[in-house]
Amino acid sequence: MVKTWVARHISTVKVMLHGAALLPLCWLAWQTFSQQLGGDPVQYLTHFTGKGALNLLFITLLISPVAKWIKWGFLLQTRRLLGLWVLAYALIHVGIFWLLDLAGRIDLFVEEVIKRPYITLGLIALLLLIALGITSANRIRRKMGRNWQKLHNWVYLIVLLVPIHYYWSVKSAVFEPTIYLIIAALLLLLRRQKLMAYIPKKIRPKVA
Ligand code: HEM
Numbered sequence: 001m002v003k004t005w006v007a008r009h010i011s012t013v014k015v016m017l018h019g020a021a022l023l024p025l026c027w028l029a030w031q032t033f034s035q036q037l038g039g040d041p042v043q044y045l046t047h048f049t050g051k052g053a054l055n056l057l058f059i060t061l062l063i064s065p066v067a068k069w070i071k072w073g074f075l076l077q078t079r080r081l082l083g084l085w086v087l088a089y090a091l092i093h094v095g096i097f098w099l100l101d102l103a104g105r106i107d108l109f110v111e112e113v114i115k116r117p118y119i120t121l122g123l124i125a126l127l128l129l130i131a132l133g134i135t136s137a138n139r140i141r142r143k144m145g146r147n148w149q150k151l152h153n154w155v156y157l158i159v160l161l162v163p164i165h166y167y168w169s170v171k172s173a174v175f176e177p178t179i180y181l182i183i184a185a186l187l188l189l190l191r192r193q194k195l196m197a198y199i200p201k202k203i204r205p206k207v208a
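Just so we're aligned: the sequence shown equals residues 1 to 208 in the UniProt record's numbering.
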């Protein structure tokens, strides 16, 4: 019953997902304008948007296994929308860091990328996300053929890079980033068969 409703109203579901992804940003804007961001507003904004991007990335990667498990194939149609929201949050996250922490200076940004390995990883993840976002359009997907899937499999690297970026960015409170790393490992474990293709045959373990 619910399944039929969702399948029939996939565009309604998409609108609801857009709303759910936009709502935290509206909340953040309201907190900003009513000056409720605490003692270090820039850090609050960076953390909020970084976590938002990572949580959405995990949700995006959960869609496939969940859709397969509950046999709701049409849910796959929501992955592109969610993926683009991951990119939007990530761009806002980096934009805040660049504009508010580094006063919009390119030289300081380059310096940070060179000096701090966690920023280097963040930049690699961002560039990959941008590549996936640009090529997510149906027209480009058709033109790219088989290469499209190959390119989009880089999302498995992104899902590892971002929690490492998070783990590396904290000084002592490693509990939460460790949980994120474990979730990333579990999401990859769910795709172990697909990922095996990337391991050279000679050293490839047998997967049940
Ligand atoms: C050039 C790219 C990036 C830069 C410059 C950057 C910068 C930063 C900075 C400055 C922090 C806070 C470190 C601190 O607390 O002192 C941070 C944390 C974080 N970033 Fe990024 N980031 C980048 C890319 C990304 C991307 C692509 C994502 C997600 C898709 C992401 C997710 C996160 C997360 C989850 C945190 C931890 C937030 C927390 O501590 O609550 N970052 N990043």
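For each residue, glycine too, the CB sits at the ideal point set by N, CA and C.
- Less than 8 Å separates the beta-carbon of residue 84 from that of residue 133.
- For residue 31, the uninterrupted alpha helix (DSSP H) run begins and ends at 10 to 33, by DSSP.
- The stretch 34 to 50 and the stretch 93 to 111 touch, with three or more beta-carbon pairs separated by less than 8 Å.
- The stretch 180 to 195 and the stretch 157 to 166 touch, with no fewer than 3 CB-CB distances between them shorter than 8 Å.
- Our two residues, residue 150 and residue 24, have alpha carbons roughly 32 Å apart in a direct line.
- About 11 Å separates the beta carbons of residue 142 and residue 135, which is beyond the 8 Å limit, so they are not a contact pair.
- Pairing residue 129 with residue 87 gives a Cβ-Cβ distance under 8 Å.
- If the five residues before and after residue 107 are omitted, its C-beta is found closer than 6 Å to no C-beta atom of its own chain.
- Residue 173 and residue 4 have their alpha carbons spaced roughly 45 Å apart.
- By the neighbour-count criterion, in which a residue is buried when 16 or more other Cβ atoms sit within 10 angstroms of its Cβ, residue 111 is exposed.
- With a cut-off of 7 Å, the C-beta of residue 145 is classified as distant from ligand 1, since no heavy atom of the ligand falls inside that distance.
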